[in-house]
Amino acid sequence: ERRLDYNKTQWKSNVKDKLLHSLVIKQAELTPNELAIVSSQVNLTYGQLMSRVYSLAYHLQQQHEINSNQLIAILMTKGWEQVVACLAILVLGGAYLPLDIDSPYDRICSIIEETNVAILLTQSHCKHAFPHLTTIPVDTFTNNDYSIPFPIKQQSSTDLAYVIYTSGSTGKPKGVMVSHQAVVNTILDMNFRLEISTNDKIFALSHLNFDLSVYDIFGILIGGGTIVIPNHEDYKNPQHWYDMIIKHDVTIWNSVPMLMQMFVEHLKHTTNCNQLRHILLSGDWIPLSLPESIQVTFGKQVTMTSLGGATEASIWSISYTLPKEIPQEWKSIPYGIPLRNQQYYVYDIHLDDCPEWVIGELYIGGEGLANGYWNDHEKTQSNFIIHPLTNKRLYRTGDYGRFLPDGYIEFMGRKDFQVKVHGHRIELGETEHHLQQHPDIHQAIVNIDDKSQQLIGYVMPEKHSIQNEEYDS
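Mapping to the UniProt record's numbering: the sequence shown position 55 is 55, numbers consecutive.
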């Protein structure tokens, strides 16, 4: 049966024996003189990168006893220091805790307090003050010729690699604990699919506390490519993106769809940006008009991949390679098929399989599942369940979807994208889709007004104006 084949994703990759940093070290030994990092501050070869990593790790080891699975926080603006910090922490057997430098100070403090971290890796120019923490500016570790042999700690691949805090539906952020073997499984599969090599360069646009950055850093370094890091002060500027991509021959783009939408809008009249090989889009709906805009801007040679999943399942768990032309009858981009060693299920409230076309809740299984939430046993038990019949561990995503007859899953949105208006269940994404069928509407967002219980549509018109009566119709 097609449904059974859908989740036959087993892949003998020995991920249970591999560590993120060990794979990077192995690549650095193979290509010490190849570029690992390109930024406006400094370019680093693999050899120079590991010199700085070992120099920082040695300093940390001399000053502190670092235990396995110990969290060490990172609070930085965009820069090479983020990569060095992540690797140094992992080399010591710890796990990194990325904090968003743009977050309110109180939120940062609450995460530091909850995780009980004692060490914060930062940069000299960062103004945040945490008197009770040992604060180490990583930008002072610039030794490119560190030659003291560094003993790598014996570790299990079930040890933590990182803890990333995501926004919770209750307003309280949740710390997702991800092991080495879980994230290595995703990275090795993606590198195989994308055929990552020493010729590849990825544009590292995502914040360190957003898990797309995990692939930007470790996916490309494990594959032998180069991380191209934008300036922090310009990372929201599409012209800066273009300049960096052209100057450094970037081949891989990895972002949420909105940033790519901004980019193609900015580059509408530009035609010489055709060195991109792969565009990876995830984290939100992909507008149906976007793939065509991408090909007009970046050329027919580019492969576009839609990716889905959750931080709780190690970056991505499902993918779909977009066709060159989007069929007119499509309402959305198909969610796709699971990555290797991962599974997707559409279940009803009794955890039974939903038939084709029937909407159910999406559950993820397999190697990519996180260990749970930091210091939140109750939430972990609620979201990570054991199926009563199969005895498999699953993550309850909070997303809705359905199987289509062609074997793909169609993503229907999150629980909170489905609203009731006067007793009728309304899917906001579907309403947005119908609004966008109007020839004068470029993009639409629909929300519900809690007081009036009315749907409100916000539209971005096409270049030419729209008469008011057209909106009302």
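By construction, the Cβ of each residue, glycine as well, lies at the ideal position given by its N, Cα and C atoms. Just so it is clear, the structure is predicted and the values come from calculations on it, not from any experiment.
- The C-beta distance from Lys201 to Thr226 rounds to 4 angstroms, short enough to meet the 8 angstroms contact threshold.
- For Val264, the enclosing alpha helix (DSSP H) starts and ends at Pro257 to His266.
- Three or more Cβ pairs drawn from the segment 348-358 and the segment 384-402 lie within less than 8 angstroms of each other, which places the two stretches in contact.
- When C-alpha distances from Leu56 are compared across Asn237, Gln82 and Glu356, the shortest belongs to Gln82.
- Selection Val214, Met262, Cys86 and Tyr6 evaluated against Lys236 yields Met262 as nearest (Cα-Cα).
- Pairing Ser255 with Tyr215, the inter-Cα distance amounts to about 11 angstroms.
- Around the beta carbon of Thr297, 16 or more other beta carbons lie within 10 angstroms, which makes this residue buried.
- For Leu99, the closest C-alpha among the options Gly93, Arg193 and Cys86 is that of Cys86.
- Going by DSSP, Phe203 is part of the beta strand (DSSP E) stretching over Lys201 to Phe203.
- Per DSSP, reduced to three states, the secondary structure at Phe210 is coil, with no helix or strand assignment.
- By the Cβ test, the segment 356-369 is in contact with the segment 330-342, since at least three Cβ pairs between them sit closer than 8 angstroms.
- The beta strand (DSSP E) runs of length 3 or more contained entirely in the segment 264-347 are, from start to end of the chain, 278-282, 303-308, 318-321 and 342-347.
- The alpha-carbon separation between Lys18 and His180 amounts to approximately 7 angstroms.
- A direct Cα-to-Cα measurement between Leu23 and Asp243 gives close to 31 angstroms.
- Secondary structure note for Phe150: it is in no beta strand (DSSP E), with a DSSP letter that is neither H nor E.
- The straight-line gap separating the alpha-carbon atoms of Ile187 and Pro173 is approximately 25 angstroms.
- For Lys78, the number of other beta carbons within 10 angstroms of its own is at least 16, and it is reported as buried.
- If you check the CB distance, Ile119 and Ile136 come in under 8 angstroms.
- Note that the C-beta distance between Trp253 and Leu280 is below 8 angstroms.
- Gln27 counts as buried, since at least 16 other C-beta atoms from the protein chains shown sit within 10 angstroms of its C-beta.
- By the C-beta criterion, the segment 287-296 is judged not to be in contact with the segment 193-212, since fewer than 3 inter-stretch pairs fall below 8 angstroms.
- A distance below 8 angstroms separates the beta carbons of Val178 and Ala370.
- In this structure Asp449 is exposed. Its beta-carbon is surrounded by fewer than 16 other beta-carbon atoms within 10 angstroms.
- Contact between the segment 140-153 and the segment 265-279 is absent: fewer than three C-beta pairs spanning the two stretches fall below 8 angstroms.
- Around the beta carbon of Gly175, 16 or more other beta carbons sit within 10 angstroms, so the residue counts as buried.
- In this structure, the beta-carbon distance from Asn69 to Ala88 does not fall below 8 angstroms.
- If you look at Val163, you'll find it in the beta strand (DSSP E) that goes Leu160 to Thr166.
- Asn447: not part of any alpha helix (DSSP H); member of the beta strand (DSSP E) spanning Ile441 to Asp449, first to last residue.
- Apart from sequence neighbours up to five positions away, the residues of its chain that approach Asn375 with a beta-carbon distance below 8 angstroms are Glu114, Thr115 and Gly175, ordered along the chain.
- Residue pairing by DSSP leaves Trp80 without any beta bridge partner.
- DSSP places Pro238 inside the alpha helix (DSSP H), whose first and last residues are Pro238 to Lys247.
- For Tyr458 and Pro439, the gap between their C-alpha atoms comes out near 15 angstroms.
- Just so you know, the alpha carbons of Met412 and Leu404 end up roughly 12 angstroms apart.
- DSSP lists Leu160 as the beta-bridge partner residues of Ser179.
- Taking the CA atoms as reference points, Leu30 sits about 12 angstroms from Leu221.
- DSSP places Gly223 in no beta strand (DSSP E); its state is neither H nor E.
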